[in-house]
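2 protein chains.
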Amino acid sequence: MFIGIDIGGTNIKGVLTNKGGEIFSSASIPTGKTADDIENGIVSLIDVMTDSKSLPKRSIKALGIGAAGAVDCKKGVIITSPNIRAWENYPLANRIERRVGIRVFLENDATVAVIGEWWMGQGRKYRNWIMLTLGTGVGGGAVIDNKLYTGQSGSSMEFGHMTIDYKGRKCKCGNIGCLEQYASASAIVNSARIALKKDRTSSIHKKIESDEARKGDTLAVKLVEEMSYFLGIGVANLVNIFNPEAVILGGGLSRDHRIIIPVVRRVVNERALPGLKDNVKYLAIKNEDKAPALGAAKIAMDSLQHF
Amino acid sequence: MFIGIDIGGTNIKGVLTNKGGEIFSSASIPTGKTADDIENGIVSLIDVMTDSKSLPKRSIKALGIGAAGAVDCKKGVIITSPNIRAWENYPLANRIERRVGIRVFLENDATVAVIGEWWMGQGRKYRNWIMLTLGTGVGGGAVIDNKLYTGQSGSSMEFGHMTIDYKGRKCKCGNIGCLEQYASASAIVNSARIALKKDRTSSIHKKIESDEARKGDTLAVKLVEEMSYFLGIGVANLVNIFNPEAVILGGGLSRDHRIIIPVVRRVVNERALPGLKDNVKYLAIKNEDKAPALGAAKIAMDSLQHF
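As they're listed, the protein sequences go chains B and R. Residues in the first sequence are numbered consecutively from 29, following my numbering. Residues in the second sequence are numbered consecutively from 29, following my numbering.
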């Protein structure tokens, strides 16, 4: 048995699975704000899932964790994280390992989402595909010729920091005009703040989150469509570069895929080249709730074989 | 023996080579304007090179041709070409084959440049690298894990049509703000036209070409630097996506690499992410004059084995 943990901006999610990807137990807990909160959260998730199946911890062969930020996978260290300030050269894998007595492997959160979708989701059907994870930021990854591409240093692909407007909005990464300044949950919240100054009748005023789009709130739908337009520009670039069989959207925002995908498809058709854009499928991640945690478990399984 | 032909915007270049990549003969001829001009040019290049070594044509096992535009490699057909209007669904491989009695294989011009550099140039040293070919337009390709990546349809990577300014300059491809509108020979010529209206003292007034930069013409250097700034924005995007070991510049403009590379390196360092930009080497193609034709010959060699 293996456990996979996905540390998201809002919730930490866990799955208990086997080599066949069957899910025996799953659980979720709010992320919390401090490094200690998160560590306690992870430990209690592991307890909940093993207890529910009356499993002793030693029956868990390995634990995989996906975390946002720059990650040194070999050392199990979080180099920097956009969300948790205390996570600077933070040996998360080691710390959890000591608390639960299970071997821990750490990976970037976009990478675990790609691996999860590749293993048990839509990615199974394609040899060449890309994923964009739409959350607070925009991450991603590419499976090329049936292999996860990780570059020379093993990092995931940073699609969110692609410049789409070289004299545009400033990004906290230091660059100007990054896609994630236009096509992420944060971008929607920023646009909402601006829009709400003009429009005080919207229900979004009460609570800004993408759930609102599903409730048919006019402004929220408009904002998701606007962000989809910018996402389409980024995806058109990636279609011209990768000529993939499929573009799969993951991350929390992908739950609004019924709004997002038609806009993205239209913008790509307007902007990308014939021949490259012709046979691309646009899909949302199959199981947004569990795919990243499953991917983290899969990484733990595979990594264990190298030791 | 094999022959490789590279059809450029200005010249058609040919090399006579063997499986070891030794060049026994090379020749060059102006491209001409019509489809007939080009075909006659290719045939006379073949004649010149075989005659110079007193080789009968039947000793040439195969001929590879690199041409700008969308190419159907399997059929040997040019689908569309930016330079030659008559080349629309044009069976170039077949036509040349009938005239010279040698098996012909057709490829995209950026792809032959990548293959040439990979086979006999700087690309030999790296497993993960990208090339940008800087000519009238901007093409490119990526070698990923020691394999040329060609996408689902076998097309090369269209780095030139990456949007860097979504509300910027119109591109003839239909998109807005494509890199090649800012970072190509055509972009320099356009900027020069605008600049010359203001500055009538420059020697560039006489003749606009990148040779001028080497002569130290102030305006020309300024224009090449300006185009390098935009190129840097595009390269920063690609560094964030591919995290390559090396970025190699090819195409006619790459002869100005002493001006271009320092600017590109600076812009990438300003814009790309730490961890991804840290160990990237910036190089110019080793033999800009012959690498693409060599690559075309290599493609012919390799393709022959599949028949």
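All C-beta atoms in this analysis are idealised placements derived from N, C-alpha and C, irrespective of residue type, glycine included. Quick caveat, the model's predicted, so the values are computed rather than measured.
- Exclusion of the five residues before and after R:GLU316 leaves GLY278, GLY279, GLY280, SER282, ARG283 as the residues of its chain whose Cβ lies within less than 8 Å of its Cβ.
- Looking at the DSSP output, R:ASN203 bridges to nothing.
- By alpha-carbon distance to B:ASN271, the top candidate from B:ILE216, B:PRO302, B:GLY149, B:ALA96 is B:PRO302.
- If you draw a straight line from the Cα of R:GLY129 to the Cα of R:VAL71, it comes to about 11 Å.
- Annotated as proximal: B:LEU304 and B:ASN268, with beta-carbon spacing under 7 Å.
- Collapsing the DSSP output to three states places B:GLY278 in a strand.
- Taking a C-beta distance under 7 Å as the contact criterion, B:ILE57 and B:ILE40 qualify as a contact pair.
- Residues of the segment 288 to 302 of chain B that bring their beta carbon within less than 9 Å of a beta carbon in chain R comprise GLU298, ARG299, ALA300, LEU301, PRO302, in sequence order.
- Spatial neighbours of B:CYS201 in its own chain (CB-CB distance under 8 Å, excluding positions within 5 residues in sequence) are listed in chain order as HIS189.
- Using a Cβ-Cβ cut-off of 7 Å, R:HIS189 counts as an interface residue toward chain B, since at least one Cβ of chain B sits closer than that to its own.
- If you look at R:THR108, you'll find it in the beta strand (DSSP E) that goes 105 to 108.
- Distance from the CA of R:LYS195 to the CA of R:ALA300, rounded to the nearest whole angstrom, comes to 22 Å.
- A distance below 7 Å between beta-carbons, with the five flanking residues on each side excluded, links B:ILE261 to the following residues of its chain, in chain order: ILE192, VAL295, ARG299.
- Taking 7 Å as the CB threshold, B:ASN203 lines the interface with chain R.
- A residue is called buried when at least 16 other Cβ atoms come within 10 angstroms of its Cβ; B:GLU116 does not meet this threshold and is exposed.
- In the three-state reduction of the DSSP assignment, R:THR59 falls in the coil class.
- The count of Cβ pairs closer than 8 Å, one atom from the segment 58 to 67 of chain B and one from the segment 148 to 161 of chain B, stays below three, leaving the stretches out of contact.
- Apart from the 5 residues on each side of it in sequence, B:ALA264 sits with its Cβ closer than 7 Å to the Cβ of VAL295, VAL296, ARG299, ALA300 in its chain, given in chain order.
- Here R:LYS314 is not near R:GLY94, since their CB atoms are 7 Å or more apart.
- R:ASN117 is outside the set of residues whose beta carbon lies under 7 Å from a beta carbon in chain B.
- Under the 7 Å criterion on CB atoms, R:LEU73 is classed as non-interfacial with respect to chain B.
- Between the segment 78 to 93 of chain R and the segment 325 to 335 of chain B there are fewer than three C-beta pairs closer than 8 Å, too few to call the two in contact.
- Your pair R:GLU254 and R:ILE287 does not check out as a contact, with CB atoms roughly 11 Å apart and the cut at 8 Å.
- Rounded to whole angstroms, the Cβ separation of B:GLY49 and B:TRP147 is 6 Å, and the two are in contact under 8 Å.
- Interface residue (Cβ-Cβ distance to chain R less than 7 Å): B:ASP193 is classified as such.
- B:GLY179 reaches chain R at ASN156, PHE270, ASN271, PRO272, LEU304, counting residues in chain order whose Cβ is nearer than 8 Å.
- With 16 or more other Cβ atoms from the protein chains shown falling within 10 Å of its own Cβ, B:THR161 counts as buried.
- Judged by DSSP in its simplified three-state form, R:GLU253 adopts helix.
- R:ALA211 does not reach chain B, its nearest Cβ partner there being about 11 Å away, counting only Cβ pairs nearer than 9 Å.
- Looking at the DSSP output, R:ASN136 sits in a beta bridge with R:ALA95.
- ASP306, ASN307, VAL308: these are the residues of the segment 305 to 326 of chain B whose beta carbon lies less than 9 Å from some beta carbon of chain R, given in chain order.
- Each residue's CA atom was taken as its position, placing B:ARG86 and B:GLY163 some 34 Å apart.
- With 16 or more other Cβ atoms inside 10 Å of its own Cβ, B:LYS318 counts as buried.
- The beta carbon of B:SER212 sits closer than 8 Å to the beta carbons of LEU162, GLY163, THR164, GLY165, VAL166, GLY188, MET255, LEU281 from its chain, once the five residues preceding and following it are set aside; these are given in chain order.
- Between B:VAL142 and B:GLY169, the gap from beta carbon to beta carbon is short of 7 Å.
- Boundaries for R:ASP245: no beta strand (DSSP E) harbours it, and the DSSP string shows neither H nor E there.
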